[in-house]
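Since the structure comes first, as structure tokens, the remarks are kept for the end.
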Amino acid sequence: MLVKSLVLALAGLYTLPAAFAAEPPSSIAHKAILNLAVAQQVAATARQVATDKGWPCALAIVDDGGWPILTIRMDGAPVVAGIELAQGKARTSALFKRPSADLENAINGGRQAAITAGLLMMKGAQPIILDGQVVGAIGISADTPAHDDEIALAAVGSVQR
649 MLVKSLVLAL
659 AGLYTLPAAF
669 AAEPPSSIAH
679 KAILNLAVAQ
689 QVAATARQVA
699 TDKGWPCALA
709 IVDDGGWPIL
719 TIRMDGAPVV
729 AGIELAQGKA
739 RTSALFKRPS
749 ADLENAINGG
759 RQAAITAGLL
769 MMKGAQPIIL
779 DGQVVGAIGI
789 SADTPAHDDE
799 IALAAVGSVQ
809 R
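Have a look at this one:
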């Protein structure tokens with residue numbers, strides 16, 4: 649009887665890995681990633697728009713976790729703190745997966761709870777969406793919030809799919 653129990657137990661252990669391996673691989677989520685090449689393409693479009701319009705700016709591109717991929721301060725960018733502003737806007741847009749202007753509007757509408765440490769709820773950042781997923785964001789700091797947003801929209805439009 650003991651031998652029979654041991655044989656059955658060992659047979660059960662032998663088939664255990666097969667039970668877990670039977671799970672279809674399609675259940676694994678696939679995440680789109682913002683790579684440096686795409687970030688550079690977004691930045692190039694932003695720089696071109698800013699140059700064409702005469703609005704030199706600082707820009708920051710972050711991944712979906714708000715971590716910097718690249719930052720640029722164009723010659724003649726007007727704000728000394730421009731890089732910090734651009735990074736803060738981009739981080740906020742990436743983490744909330746929406747334009748930073750939406751969050752600025754919430755604060756202006758009286759939602760004081762939207763003011764959170766480490767985030768910058770100011771117009772001028774847009775999420776970068778690839779294959780239906782927010783993979784990062786671009787933040788712009790030029791001369792006006794309207795110009796910031798115009799540059800950011802054009803930049804993300806160059807790669808959205």
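Quick note, in our numbering, the sequence shown goes up one by one and the last residue is 809.
Ideal Cβ placement from N, Cα and C applies to all residues, glycine included.
Status (buried if at least 16 other CB within 10 Å, exposed otherwise) for residue i
i: R739; result: buried
i: L682; result: buried
i: D779; result: exposed
i: V685; result: Residue identity differs from the one stated: residue 685 is Ala in this sequence, not Val. Exposed is the call here.
i: W703; result: buried
i: H795; result: buried
i: I676; result: exposed
i: K737; result: buried
i: A692; result: exposed
Residue i, DSSP secondary structure in three states
i: A808; result: Ala is not the amino acid found at residue 808; the sequence shown has Gln there. In the structure shown, Q808 sits in coil (DSSP, three-state: anything other than H, G, I, E or B).
i: R746; result: coil
i: R695; result: helix
i: I717; result: strand
i: A802; result: helix
i: D797; result: helix
Short Cβ contact (8 Å threshold) for residue i with residue j
i: Q688; j: L733; result: no
i: M769; j: I755; result: yes
i: L743; j: G724; result: no
i: I709; j: G784; result: yes
i: V690; j: I786; result: yes
i: I720; j: R759; result: no
For residue i, the residue or residues it bridges with in DSSP
i: I788; result: L707
i: I776; result: G784
For the structure I just gave you, are there three or more beta carbon pairs, one from the region 740-760 and one from the region 692-701, closer than 8 Å? Counting Cβ pairs under 8 Å, fewer than three are found: no touch.
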